[in-house]
Structures are given as C-alpha cells and as structure tokens.
C-alpha cells in the first residue's frame, strides 16, 4: 500500500504542477492548450541544462526561462495578434514537441534518449521508503496551498478573476486585463517548467521524445474537471494519477492476462470520463438554476 501511495505521488506531482498552470491561466480567461508543449520544453531544458551546467538548480532555472519565454510568446499571439487562444495553444504544443526533438537532433546528432548523470535531489534513506521522493514532490502540497491563497484570498486573485470573467468591468476599477493575462501565463510557465523538470529529472533522469505522453492535455482536463479551482483541480489530477498507478500495478499483477495497451490507456479513459462527468454535472446545475429562475419569475 505504501508503494502505491509513493507511485501516485511520483506520477501525480508533475501533472499537478502543470494543472495549476492551467488553473491560473483559466482564471485570467485563457484556456491554455499549450500545457503539453510547455511541459515538454521544461523537461528537455532541464536535462540539457544538467548536462551543460552540472547543476540541478541552474538547469531548472534554464527550464523556467525557456517556459516563461514560450508563455510570453503565447500571450503575444493571443493578446497582440488577436489569435484564437485554442489554436494558439495547440500551436505552442506543436512547437514544444517539434522544437525539443529538433534541439536534441541538433545537439546529439540523433533522436535517441538523453540521460542525465543525476537528477533532482531525493530525501534520502533517513526517510525510509519515502526517501525516493524528490524535493519537488515534497514541496507540491505547499505550492498547491500557496496557489489557493494567491487565487482565492488575495487582491491579485480577485483582480485576476475579474479580468478573466469581466475584462471591461475590470478596466473600470483600474485593472489591466492584458497585463494580468501576461502575469498569469508567466506564472504558469514557471509551474510547467517545474512539472517538466520533476517528470524528467525527478524520477526518470532522462529525456525522450514524447515523454510527456499527453500529460499536458490530462492537466487541461483536470482544470475542467476541477472547475478551475486550485484544490479541486489538484484532486482531479490525483484521480488521474491514481488510475495510472492502478494500471501499472495491474500490469505487474495480471501479466499478460489483460492487454497492456488497455491498462496503459486507463488514465486517458479516466480523462475522457472526467470531462464527460464535469459537463453532465455542470449541465445539470445550469438546468436547475434556469428552472429556479423561471419559477421565481412566474411566482
């Protein structure tokens, strides 16, 4: 049981960081479909940074700079060029996947897996079975709490929500929706960099093409499933991680008796189910609200 809990934490932490990036972007009024691209940029930049600088801290800083620059590019395309946010986000995802493949090909002359000599520091044997957890995994609950405080209990969070929901009204009270979107996407870039770094250097210590395997889209689904609330989206991401851990455990337990492809598809099936369930629940709540308003008007 303890091993399953550790597996859930290790697989869910990168997803949670990227989910929080999607939450803050949605609060600013941007449905960020570029999370997949930002995550793989962070993963690639971290591994290449470790090999170049021989320092995890410097590597993560390089990843943060790369992801923030990519987020600023997304903001420029959406805000200044007035592009469709969905199309722009998908374009950023394509840029991240293709750009990292091109970078690895240019540096190493092939598209083989790039292995780092070391990764993010672990807690160590003093913590028993939890010693395999990296520092970023341990810090994850604190980051979730800090994001909840930032978005739900600060003036910045209120202004961000106002700019996302009613930008014209927000301008009337002195808030700048364009600047708030830039800040939100930049903070999201930092979170995606940390998520990509944890995925590549926290547990695996290597970078391979397509290693994010749709986690950015799963994070986007977690934002929808969790109603763009930091805590709700975090639990949605953990739900997807739990399903993934169950799939891995089932492969070890049942062997070839259950097709591996089916077990590997469980997290993605859970993602589709989560989006469907979220739509049904919100549709039901909206219908109930409309019925209540109509009843009040008639009475």
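Residue numbers (our numbering): 352 to 650. Ideal placement from N, C-alpha and C gives every residue a C-beta, glycine not left out. Predicted model, so just to flag it, every value in this text is computed and none were measured.
Inset, instruction - List the DSSP bridge partners of residue 466. - result: 557
Inset, instruction - In angstroms with no decimal places, state the Cα-to-Cα distance between residue 583 and residue 570. - result: 12 Å
Legend entry - residue 416 versus residue 442 - alpha carbon distance: 19 Å
Legend entry - Contacts around residue 601, its chain only, beta-carbon distance under 7 Å, and the 5 residues preceding and following it disregarded: 609, 614
Legend entry - Cα-Cα separation, residue 483 to residue 354: 11 Å
Legend entry - Proximity of residue 540 and residue 418 at Cβ, strictly below 8 Å: With respect to residue 418, residue 540 sits close: the two C-beta atoms are nearer than 8 Å.
Inset, instruction - Output the boundary residues of the alpha helix (DSSP H) element that contains residue 365. - result: 353 to 378
Inset, instruction - Can you give me the start and stop residues for the alpha helix (DSSP H) that residue 455 sits inside? - result: Looking at the DSSP string, the run of the alpha helix (DSSP H) that includes residue 455 is 436 to 459.
Inset, instruction - Mind reading off the beta-carbon distance from residue 589 to residue 363? Whole number of angstroms is fine, and I expect it under 8 Å. - result: 5 Å
Inset, instruction - Compare the Cα-Cα distances from residue 566 to each of 556, 576, 547, 557 and report the closest residue. - result: 547
Legend entry - Classification of residue 591 by the beta-carbon crowding that lies within 10 angstroms, buried from 16 upward: Around the beta carbon of residue 591, 16 or more other beta carbons lie within 10 angstroms, which makes this residue buried.
Legend entry - residue 532 versus residue 514: straight-line alpha-carbon distance, rounded: Distance between the alpha carbons of residue 532 and residue 514 is about 8 Å.
Legend entry - CB-CB length for residue 395 against residue 451, believed under 8 Å: 4 Å
Legend entry - Buried versus exposed, by CB contacts within 10 Å (16 or more), residue 438: exposed
Inset, instruction - Closer than 6 Å by C-beta to residue 626: which residues in its own chain qualify, once you throw out the five before and the five after it? Chain order, please. - result: 572, 575
Inset, instruction - For residue 465, count neighbouring C-beta atoms within 10 Å of its own C-beta (all shown protein chains included) and say buried if the count is 16 or more, exposed if not. - result: buried
Legend entry - Uninterrupted alpha helix (DSSP H) stretches inside the segment 508 to 551 (no shorter than 4 residues): 518 to 523, 528 to 548
Legend entry - Per DSSP, the bridge partner or partners of residue 485: 473
Inset, instruction - Answer yes if the segment 395 to 405 comes into contact with the segment 456 to 473, meaning at least three C-beta pairs across the two stretches below 8 Å, and no otherwise. - result: With the cut-off at 8 Å, the segment 456 to 473 and the segment 395 to 405 touch.
Legend entry - Straight-line gap, residue 605 to residue 359 (C-alpha atoms, nearest Å): Straight-line Cα distance between these residues: approximately 19 Å.
Legend entry - residue 480 (DSSP reduced to helix, strand or coil): helix
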